[in-house]
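J.: Pasting a structure below so you can have a look.
As structure tokens, then:
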């Protein structure tokens, strides 16, 4: 019988087929198995990654409940800070503090300089500004950050250097000659500079940046007080003054350092790049101005000019003094003194007035009450019948001091928009705040003055309201604790120029309100700028309208009654 079995079942072919079958399996099936294996491994890795991510997210959210902000691995709270910087940083800090009962610990990357305690608790402020004052100096971090601009001046100094400058300046600030200089220079600037500039805008029916004009007013005023020199910023045409521009650029560039890792801005300074290049150039402009003034004043003093004998500005006063070794103060020391006082005197009053006039437009009843107070006080003059109540009216110092309602309204503006929104201290010895916050040596402490004015626990449920009446008792102004209202600091570092600042603001505000209605340009954006002081980011564009004479006479008639 013929063998009909297919050849592929023969042992030879069978072996051959067996050898082929594994061949096809290896070539096609095995890679699929390997791909499946790798796919399963990928799924496992993804699941592990997802599990870790979910764990970190849950952990971070739990940290938020405890610390007030999400704490991310490596980055700490920086992502949340970036969110605050992109909106309104001061409001962002306020909301965090409200959630954390007034104090929270900000955690930055371990390699950064952003770790600090932030507080708005009056108990803590009294502790660091007064009770344990020696334990909370400005500190090395702050001094190093602003040294290029402020040098060793009073606002950047600690310990003996600060005490020496403070003592001398305090004596001068309370001298009769200095008070006379401040009032007379302000009188001239308001009536021969400010009012003509404002009147020009009314005649031309053009909008003006009131913040810019007020900055020019206070800059000229403080330069006359500190240097005995009038830069002439506030003039018709509003000229650009190199020293004023250099000073403004220097302060803005210095702020950049506080939101930049120290190693970064120091590297930029070394390489003369970016903002540091701008800072170097602007400080050179400030120094050149100061050096010229100091050189000229020294020459005048050496010649015993009659004019210098009657000078009472800070520069001349310090030039007449000797240091503890009996030597004249160095030009560098004199420069630092004057630049520090210009920084304090220029921005604080003008910025406060800008926010005041913005708030006033939203609260016309407050404006009406201020106008009524002004007219009532003026109507009490003995020579009232011989006075004409028009643009020629000059307020007397005693009248300004009696404007309690205006004083209260300015304080209320400072409560809501303090000129210095945050300030900085550094712990030099382990300590504990009254609220239980543990402070280790070297810890940076930020006290949030802006946030304090918005705390219901401090000001009550009506804290949002612009309410001058909260400062009045039987019609008289009553100040609050410096640790509740910290616009002028507190304790041994209480602002030396507080009384003058109020006088300056009241005189300028009364002079404007008596003559004009200030209306903010429609749809003009108003928000704070991130700076050492609370500038309005876009200025304050306003239109001025002459005050209705009938309104003035109505209030005067009421004052006569």
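Numbering (the UniProt record's numbering), first residue to last: 1 to 561. In this text, a Cβ means the ideal position worked out from N, Cα and C, and glycines have one as well.
Would you identify the three-state DSSP class for residue 212, choosing helix, strand or coil?
T.: Locating residue 212 in the chain shown gives position 212, where the first residue counts as 1. Correct three-state label for residue 212: helix.
J.: Can residue 341 and residue 226 be called in contact, C-beta distance under 9 Å?
T.: In the chain shown, counting from the first residue as 1, residue 341 sits at position 341. In the chain shown, counting from the first residue as 1, residue 226 sits at position 226. Yes; because the gap between Cβ atoms is below 9 Å, this pair is in contact.
J.: Buried or exposed: where does residue 553 fall if 16 or more other Cβ atoms within 10 Å of its Cβ makes it buried?
T.: In the chain shown, counting from the first residue as 1, residue 553 sits at position 553. Burial call: exposed.
J.: Alpha carbons only, please: which of 185, 534, 511, 557 is nearest the one belonging to residue 199?
T.: Taking the first residue of the chain shown as position 1, residue 199 is located at position 199. For residue 199, the nearest C-alpha among the options comes from 511.
J.: On the criterion of 16 or more Cβ atoms from any shown chain inside 10 Å, does residue 451 qualify as buried, or is it exposed?
T.: For this step, residue 451 is matched to residue 451 along the chain shown. The residue in question, residue 451, is buried, as its Cβ has 16 or more Cβ neighbours within 10 Å.
J.: Would you say residue 319 and residue 332 are within 9 Å of each other, going by their C-beta atoms?
T.: Locating residue 319 in the chain shown gives position 319, counting from the first residue. Locating residue 332 in the chain shown gives position 332, counting from the first residue. With respect to residue 332, residue 319 sits apart: the two C-beta atoms are not nearer than 9 Å.
J.: Roughly how many whole angstroms lie between the Cα atoms of residue 396 and residue 142?
T.: Stepping through the chain shown from its first residue, residue 396 is reached at position 396. Stepping through the chain shown from its first residue, residue 142 is reached at position 142. Between residue 396 and residue 142, the C-alpha separation is close to 41 Å.
J.: Can you tell me which of the three DSSP states residue 131 falls into?
T.: Reading the chain shown from its first residue, position 131 is the one you call residue 131. Helix, per DSSP.
J.: List the residues that DSSP assigns as beta-bridge partners of residue 544.
T.: Indexing the chain shown from 1 puts residue 544 at position 544. Beta-bridge partners of residue 544 (DSSP): 518.
J.: Straight-line CA distance for residue 233 to residue 219?
T.: Here residue 233 corresponds to residue number 233 of the chain shown, with the count starting at 1. Here residue 219 corresponds to residue number 219 of the chain shown, with the count starting at 1. Looking at the two C-alpha atoms, the distance is approximately 7 Å.
J.: With respect to the alpha helix (DSSP H) encompassing residue 148, which residues constitute its N-terminal and C-terminal limits?
T.: If you number the chain shown from 1, residue 148 lands on position 148. That run of the alpha helix (DSSP H) goes 139–150.
J.: Compare the C-alpha of residue 506 against each of 530, 406, 492, 460 and name the closest.
T.: Working through the chain shown from its first residue, we reach residue 506 at position 506. The residue with the shortest Cα to Cα distance from residue 506 is 406.
J.: Please classify residue 436: is it buried, with 16 or more other beta-carbons within 10 angstroms of its beta-carbon, or exposed?
T.: For this step, residue 436 is matched to residue 436 along the chain shown. Classification for residue 436: exposed.
J.: Are the stretch 423–439 and the stretch 358–366 touching, with three or more C-beta to C-beta distances below 8 Å?
T.: Three or more beta-carbon pairs separated by less than 8 Å are not found between the stretch 423–439 and the stretch 358–366, which leaves the two stretches without contact.
J.: By Cβ distance, which residues of its chain are closer than 8 Å to residue 551, with the 5 residues on each side in sequence left out?
T.: Position 551 of the chain shown, counted from the start, is the residue given in the question as residue 551. Excluding residues within five positions, the ones whose Cβ falls inside 8 Å are 371.
J.: Residue ranges of each alpha helix (DSSP H) run of no fewer than 4 residues wholly in the stretch 170–244, ordered along the chain?
T.: 176–189, 195–204, 210–226
J.: Start and end of the alpha helix (DSSP H) containing residue 480?
T.: Indexing the chain shown from 1 puts residue 480 at position 480. That residue, residue 480, is in no alpha helix (DSSP H); it is neither H nor E in DSSP.
J.: Report the three-state DSSP secondary structure of residue 443 (helix, strand or coil).
T.: Position 443 of the chain shown, counted from the first residue, corresponds to residue 443. Looking at residue 443 - three-state DSSP - the assignment turns out to be coil, as it is neither helix nor strand.
J.: What would DSSP say about residue 381, mapped onto helix, strand or coil?
T.: Along the chain shown, one-based indexing puts residue 381 at 381. Correct three-state label for residue 381: coil.
J.: Which of helix, strand or coil does DSSP assign to residue 117?
T.: Mapped onto the chain shown, residue 117 falls at position 117. Note: residue 117 maps to strand in three-state DSSP.
J.: Got a sec, what are the start and stop residues for the alpha helix (DSSP H) residue 96 sits in?
T.: By 1-based counting over the chain shown, the position of residue 96 is 96. Taken as a continuous stretch (DSSP letters only), the alpha helix (DSSP H) holding residue 96 covers 89–99.
J.: Assign residue 267 to one of two classes, buried (16 or more other C-beta atoms within 10 Å of its C-beta) or exposed (fewer than that).
T.: Counted from its first residue, the chain shown places residue 267 at position 267. It is exposed - the Cβ of residue 267 has fewer than 16 other Cβ atoms within 10 Å.
J.: Should residue 522 be labelled buried (16 or more other beta-carbon atoms within 10 Å of its own) or exposed?
T.: To locate residue 522, count along the chain shown from 1; it is residue 522. It is exposed - the Cβ of residue 522 has fewer than 16 other Cβ atoms within 10 Å.
J.: Express the C-alpha separation of residue 531 and residue 516 in angstroms, rounding to a whole number.
T.: Here residue 516 corresponds to residue number 516 of the chain shown, with the count starting at 1. Here residue 531 corresponds to residue number 531 of the chain shown, with the count starting at 1. Across the structure, residue 516 and residue 531 are spaced so that their CA atoms are roughly 30 Å apart.
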